[in-house]
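> The structure that follows is given in the form of structure tokens.
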Amino acid sequence: MIRVNHLKRDYYFKEKEPGFKGSLRYLFKPKKVTKTAVKDFSFHIKKGEIVGLIGPNGAGKTTLIKMLTGIIPPSEGTIDIMGFVPSELKDDFRKKYAVIMGQKSQLWWDLPALDSFQLNKEIYQIPDAQYEKNLKELVDIFEVEAFLQKQVRQLSLGQRMKMEIIASLLHDPEVIFLDEPTIGLDGVAQKQIRKFLKKVNEERHTTIILTSHYMEDIKSLCERIIVINDGEKVYEGTYQDLVNKVSPYKIVEVVFEIAVEVLIELPVEYMEKNPYKIKMKVDKSKVNEVVGQLFNHYAIEDLAIEEEDITDVVEKIYRDI
Amino acid sequence: MRRYIRLVGILFKFKLSRSMIYSGNFWMAFIVDFFLFVFQLVAFVSIYQFIDTINGWDLNQMFVFIGTFSIVDSMAMGTFFFGIINLPEKIRTGSLDIMIAKPIDTQFFVSAESFNPGSLFGIITGSCMVMYGLSSGGYVVSMIQVLGYILLLIMMYLLFYSMMLIVRTLAFIFVKINTLTQVEDSVIEFAFRIPGTAFKGISKVIFMVIIPYGLIATVPTEHITNMLEPSQWLIVTGITLFFFGLARFMFKFGMGRYTSASS
Amino acid sequence: MLLRKYIAIFNVTFKESLAYRFDAITSAVFSFAKIYLAFLLWQAIYDGKEVIGDYTFPMMMTYYILISFMSRLARSESIIWETSDEVRTGSFTKYITRPLKHFNYCVARSLSKGAFSFAVDVMAFAVWLIIFRHYFVIPSNWQSVVFSILFTILGLYTMMQVHYMIALISFKTVDIAGPYYLVSSFMGFMSGSFIPLMLLPTSIGSILAYTPFYYMLYYPAALYLGEGQDKMGLAFIVVVGWNVIMTFMRRHMYKKMLQLYEGVGA
Numbered sequence: 007m008i009r010v011n012h013l014k015r016d017y018y019f020k021e022k023e024p025g026f027k028g029s030l031r032y033l034f035k036p037k038k039v040t041k042t043a044v045k046d047f048s049f050h051i052k053k054g055e056i057v058g059l060i061g062p063n064g065a066g067k068t069t070l071i072k073m074l075t076g077i078i079p080p081s082e083g084t085i086d087i088m089g090f091v092p093s094e095l096k097d098d099f100r101k102k103y104a105v106i107m108g109q110k111s112q113l114w115w116d117l118p119a120l121d122s123f124q125l126n127k128e129i130y131q132i133p134d135a136q137y138e139k140n141l142k143e144l145v146d147i148f149e150v151e152a153f154l155q156k157q158v159r160q161l162s163l164g165q166r167m168k169m170e171i172i173a174s175l176l177h178d179p180e181v182i183f184l185d186e187p188t189i190g191l192d193g194v195a196q197k198q199i200r201k202f203l204k205k206v207n208e209e210r211h212t213t214i215i216l217t218s219h220y221m222e223d224i225k226s227l228c229e230r231i232i233v234i235n236d237g238e239k240v241y242e243g244t245y246q247d248l249v250n251k252v253s254p255y256k257i258v259e260v261v262f263e264i265a266v267e268v269l270i271e272l273p274v275e276y277m278e279k280n281p282y283k284i285k286m287k288v289d290k291s292k293v294n295e296v297v298g299q300l301f302n303h304y305a306i307e308d309l310a311i312e313e314e315d316i317t318d319v320v321e322k323i324y325r326d327i
Numbered sequence: 013m014r015r016y017i018r019l020v021g022i023l024f025k026f027k028l029s030r031s032m033i034y035s036g037n038f039w040m041a042f043i044v045d046f047f048l049f050v051f052q053l054v055a056f057v058s059i060y061q062f063i064d065t066i067n068g069w070d071l072n073q074m075f076v077f078i079g080t081f082s083i084v085d086s087m088a089m090g091t092f093f094f095g096i097i098n099l100p101e102k103i104r105t106g107s108l109d110i111m112i113a114k115p116i117d118t119q120f121f122v123s124a125e126s127f128n129p130g131s132l133f134g135i136i137t138g139s140c141m142v143m144y145g146l147s148s149g150g151y152v153v154s155m156i157q158v159l160g161y162i163l164l165l166i167m168m169y170l171l172f173y174s175m176m177l178i179v180r181t182l183a184f185i186f187v188k189i190n191t192l193t194q195v196e197d198s199v200i201e202f203a204f205r206i207p208g209t210a211f212k213g214i215s216k217v218i219f220m221v222i223i224p225y226g227l228i229a230t231v232p233t234e235h236i237t238n239m240l241e242p243s244q245w246l247i248v249t250g251i252t253l254f255f256f257g258l259a260r261f262m263f264k265f266g267m268g269r270y271t272s273a274s275s
Numbered sequence: 031m032l033l034r035k036y037i038a039i040f041n042v043t044f045k046e047s048l049a050y051r052f053d054a055i056t057s058a059v060f061s062f063a064k065i066y067l068a069f070l071l072w073q074a075i076y077d078g079k080e081v082i083g084d085y086t087f088p089m090m091m092t093y094y095i096l097i098s099f100m101s102r103l104a105r106s107e108s109i110i111w112e113t114s115d116e117v118r119t120g121s122f123t124k125y126i127t128r129p130l131k132h133f134n135y136c137v138a139r140s141l142s143k144g145a146f147s148f149a150v151d152v153m154a155f156a157v158w159l160i161i162f163r164h165y166f167v168i169p170s171n172w173q174s175v176v177f178s179i180l181f182t183i184l185g186l187y188t189m190m191q192v193h194y195m196i197a198l199i200s201f202k203t204v205d206i207a208g209p210y211y212l213v214s215s216f217m218g219f220m221s222g223s224f225i226p227l228m229l230l231p232t233s234i235g236s237i238l239a240y241t242p243f244y245y246m247l248y249y250p251a252a253l254y255l256g257e258g259q260d261k262m263g264l265a266f267i268v269v270v271g272w273n274v275i276m277t278f279m280r281r282h283m284y285k286k287m288l289q290l291y292e293g294v295g296a
């Protein structure tokens, strides 16, 4: 459904040197600087997949989304989405997708969200029946009935993002691009949005491509992730594989029944150690051994084995890959 | 086509209901324009105290001219003006992205996004001025002439639209075009507000052909006061079509160069 | 010393302007394009006539050259946009929490920008003077130049007070552009930037002579052209009187408006 081959995108800047002479030179013969935001990027996405794009700030995620939606043309390489070339901006193509950018609103600030929905109905030429049905369904899911008549500017950030999503889905897009959809939202709203995206994907087989800073978004939604760093694809695969690859550790936390001093030698790195509780980083292959030893020697009240904290993992990804 | 007409309707309604919320703004642009109209009138009436004609135009023709200017200006302010004027800002901040992603013509969307219904009242005051000038000048106007006048108004409206858009599409390439819009401001202020008859020689070529702001209010005025030669229709139509096409081309070309404010 | 912090603001602003000097030069050169357009219009109007109003054609051109130079010096408009921005984003708080008087701060900044414009514009101005040298009148006595400069400074200060009061409206409405354009279209006409005010019917002209606008551009330019020296006493009383009134007004407004300040972010 989406085929991207050897994509490249350059940005050109004119650099201005300091001083009056620099200004003059800037006017007549500016020094051109090229910055490559995305290079030799290829991937394929099948219908109904949810794919996460992750990477540090300025890695090229947004540039990639902008090329996929046709907002900017690529410098080199090809994109094929359902047989369309995005940068040609055919109306039929633009009717098939939706793009939600956490930072940019399509809603009319001074008017109730319902007005923006009606505008979209005309822009996307949505038949009355389909519009009514979708609107009702979406409004029910997000429980925003009460806010439909309120000016958008008076809505909270979470309510606004929900309206943003409703506005984008009225025309039943086959692909949804989301750029940082949960940025700045509170935990409850984030969860609701995640749950909703999952539902849309399952019920309508909508293909979803999203970028996010919150690993929780990616972890709970995406079957497949693509890691981008410095414009290049550095990883493609499942979340679990990635975690295994970059994080060979598990976190083991043990709570003792009575105060003890752990004297036996363990192949671990202690993160916390006191008479009632120890917390340690353990190599995945050695978890069984360590736990066994602890059970043999001490009275254990509680034991928890967890993956390393995801934020740490991500930092590592960017550092290591 | 029908879809676009419906969209215009909806966008117009939006702006209307928005102006209901901020009722002060509804009249603001009209009031500002109305005062400028009065000042322009006072200025020329004052000047005509000392002279009889400016290059053959008497005070009554000047009334028709000022009224015509006000009509075209109000049409522009009421429809595309505020949408177009924000284009460079949209390019600079990348908020054009959302508009590009919609399945309608982006140029249309940008142009029709910011109607300003209050300004349209200027068409009425302008028309009154034109009628006053015609009647006190003793002009007898035929129905055909009125139709021709309206047709010319529409053409000049399109020319004004094209000129404004062309300047602003340059923001796709240069991002900051403040100097350019400043020059445009002063050109509009004079070339648009003073009768084209004032231009001679090289300046006539500049303001009537190369940057034809001088045509906009002048040509309809000349037509209705029997001064426009039939052959000039051709030239005026040609210029309008040329600039309209150029604006379209520049917009398309600019979109290809659009980089969207870097992520 | 109290003045020192405002000198510091002046300096910082000047450095800030320096960063944009190239833009400033180009925009200065082009902004004088108005002079050329005025030239075309008035050439057509004079058309064989020797004098219109009291002005010969060269005097008329000198008038437009002078006022376009003077209005480039008036940089206080930016007070409006800056204040509006600061109120909206909440960063206006910095004037409340720091020992700074907002008005004095604005004065220091406008002065600095004006001084910078002066430095830049003198060059651009020279270019236009060479082009229009045949149409530029050299005054017959030095007094008219001195008085013209004095009244220009007074006029700029008056303009700053007006702009400042518009800026204060930011506390009431986010949309400051409307009031701005309204006031500035009035100010443009009544200060003589469309046409020299002596061309207006005498009744209108004599009423305008009691408004502060009359003295912003028209009167200083007229002084340079050797007119209106006999009315200088009255002119001085009117300008100073208005400035005293406006000082009270703007202080009162500032107090009132500050109570509306919400100090919100974003």
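Protein chains in written order, with the working numbering: chain E, 7 to 327; chain Z, 13 to 275; chain F, 31 to 296. Glycine included, every Cβ here is placed at the ideal spot set by N, Cα and C.
Between glutamate 238 (chain E) and chain Z, is there a C-beta pair that is closer than 9 Å?
Answer no: the Cβ-Cβ gap between glutamate 238 (chain E) and chain Z never drops below 9 Å.
> Give me the Cα-Cα distance between aspartate 16 (chain E) and proline 79 (chain E), rounded to the nearest whole angstrom.
One C-alpha to the other measures close to 10 Å.
> Compute the distance between the beta-carbons of valine 105 (chain E) and isoleucine 199 (chain E), then report whether it is under 9 Å.
Not a contact, by the Cβ cut-off of 9 Å.
> Are isoleucine 185 (chain Z) and arginine 269 (chain Z) close, meaning C-beta to C-beta below 9 Å?
Yes.
> Can at least three beta-carbon pairs, one atom from the segment 161-178 of chain F and one from the segment 124-144 of chain F, be found at a separation below 8 Å?
At 8 Å Cβ cutoff, the stretches do not touch.
> Can you give the Cα-Cα distance for tyrosine 255 (chain E) and lysine 290 (chain E), rounded to whole angstroms?
In a straight line, the C-alpha of tyrosine 255 (chain E) is about 5 Å away from that of lysine 290 (chain E).
> Alpha carbon to alpha carbon, what distance is there between isoleucine 22 (chain Z) and leucine 184 (chain E)?
Distance between the alpha carbons of leucine 184 (chain E) and isoleucine 22 (chain Z) is about 27 Å.
> Let me know if histidine 164 (chain F) comes out buried or exposed under the rule of 16 or more other beta-carbons within 10 Å of its beta-carbon.
Classification of histidine 164 (chain F): exposed, given that the 10 Å Cβ count is below 16.
> Note down, one range per segment and in chain order, each beta strand (DSSP E) of at least 3 residues found wholly within the segment 241-272 of chain E.
The segment 241-272 of chain E contains these whole beta strand (DSSP E) runs: 255-262.
> Going along the chain, which residues of its own chain have a beta-carbon closer than 6 Å to the beta-carbon of glycine 222 (chain F), five neighbours each way excluded?
So the list reads Leu247 and Tyr248, once near-sequence residues are dropped.
> Just list the residues that DSSP pairs glutamine 157 (chain E) with in beta bridges.
Answer by DSSP bridge pairing, in chain order: E:Pro118.
> Report the residue ranges of all beta strand (DSSP E) runs contained in full by the segment 140-199 of chain Z; include only those spanning at least 3 residues, in chain order.
Whole beta strand (DSSP E) segments, 3+ residues: zero.
> Return the chain-ordered list of same chain residues with a C-beta closer than 8 Å to the C-beta of serine 275 (chain Z), the five sequence neighbours on each side being excluded.
Per-residue confidence for serine 275 (chain Z) stands at a pLDDT of 42, beneath the threshold of 50, marking its modelled position as unreliable; no derived number is given.
> With a cut-off of 9 Å, does the C-beta of phenylalanine 243 (chain F) fall near any C-beta of chain Z?
So, not an interface residue.
> Between the Cα of glycine 90 (chain Z) and the Cα atoms of Z:Ile228, Z:Tyr173 and Z:Gly68, which residue gives the shortest distance?
The shortest C-alpha separation from glycine 90 (chain Z) is found at Z:Tyr173.
> Let me make sure I understand the geometry here. Which of F:Asp77, F:Tyr291, F:Ala252 and F:Pro242 has the alpha-carbon closest to that of asparagine 273 (chain F)?
Out of F:Asp77, F:Tyr291, F:Ala252 and F:Pro242, F:Pro242 has the C-alpha closest to the C-alpha of asparagine 273 (chain F).
> Would DSSP call histidine 211 (chain E) helix, strand or coil?
It is coil, neither helix nor strand.
> Are leucine 175 (chain E) and lysine 127 (chain E) close, meaning C-beta to C-beta below 9 Å?
Result no, Cβ atoms of leucine 175 (chain E) and lysine 127 (chain E) do not sit closer than 9 Å.
> Would valine 76 (chain Z) and leucine 171 (chain Z) qualify as a contact pair, given that the criterion is a beta-carbon distance under 9 Å?
For valine 76 (chain Z) and leucine 171 (chain Z), no; Cβs fall outside 9 Å.
> Counting only C-beta atoms, is valine 152 (chain Z) closer than 9 Å to chain F at any point?
No, no contact with chain F.
> Any idea what DSSP makes of valine 204 (chain F), helix, strand or coil?
Three-state DSSP puts valine 204 (chain F) in coil, outside helix and strand.
> What number of angstroms, rounded off, separates the C-alpha of glycine 83 (chain F) from the C-alpha of isoleucine 77 (chain E)?
Their backbone Cα atoms lie some 59 Å apart in a straight line.
> My output table needs one value for isoleucine 183 (chain F): the three-state DSSP class, helix, strand or coil.
The answer is helix: DSSP assigns isoleucine 183 (chain F) an H, G or I state.
> Tell me the residue span of the beta strand (DSSP E) that contains histidine 177 (chain E).
Taken as a continuous stretch (DSSP letters only), histidine 177 (chain E) belongs to no beta strand (DSSP E), as it is neither H nor E.
> Rounded C-beta distance between leucine 227 (chain E) and lysine 204 (chain E)? I'm assuming under 8 Å.
With a Cβ gap of about 6 Å, leucine 227 (chain E) and lysine 204 (chain E) count as contacting.
> Could you check the C-alpha separation between methionine 89 (chain F) and aspartate 117 (chain Z) for me, to the nearest Å?
Cα-Cα distance, rounded: 52 Å.
> For arginine 105 (chain F), which of helix, strand or coil comes out of DSSP?
Arginine 105 (chain F) falls in the coil class under three-state DSSP.
> Determine the contact status of glycine 89 (chain E) and leucine 13 (chain E), defining contact as a CB-CB distance below 9 Å.
Not in contact: glycine 89 (chain E) and leucine 13 (chain E) (Cβ atoms no closer than 9 Å).
> Please compile the residues from chain E whose C-beta is within a distance smaller than 8 Å of the C-beta of phenylalanine 26 (chain Z).
Within chain E, the residues near phenylalanine 26 (chain Z) are Trp114, Leu117, Asp121 and Leu125.
> Helix, strand or coil for histidine 282 (chain F) per DSSP?
DSSP places histidine 282 (chain F) in helix when its eight states are reduced to three.
> Under three-state DSSP, which class holds alanine 68 (chain F)?
DSSP places alanine 68 (chain F) in helix when its eight states are reduced to three.
> Reducing DSSP to helix, strand and coil, say where asparagine 98 (chain Z) ends up.
In the structure shown, asparagine 98 (chain Z) sits in coil (DSSP, three-state: anything other than H, G, I, E or B).
> Is the segment 43-61 of chain E in contact with the segment 229-243 of chain E, if contact means three or more CB pairs nearer than 8 Å?
Enough Cβ pairs lie closer than 8 Å, so yes.
> Would you call the CB atoms of serine 57 (chain F) and glutamine 194 (chain Z) closer than 9 Å?
It is a contact, given that the beta carbons lie within the stated cut-off.
> Threonine 277 (chain F) versus chain Z: which residues are under 8 Å apart at the beta carbon?
The contacting residues do not exist; threonine 277 (chain F) stays about 27 Å from chain Z at best.
> Using beta carbons (cut-off 9 Å, strictly below), is valine 199 (chain Z) in contact with chain F?
Taking Cβ atoms only, chain F reaches closer than 9 Å to valine 199 (chain Z), which makes this a yes.
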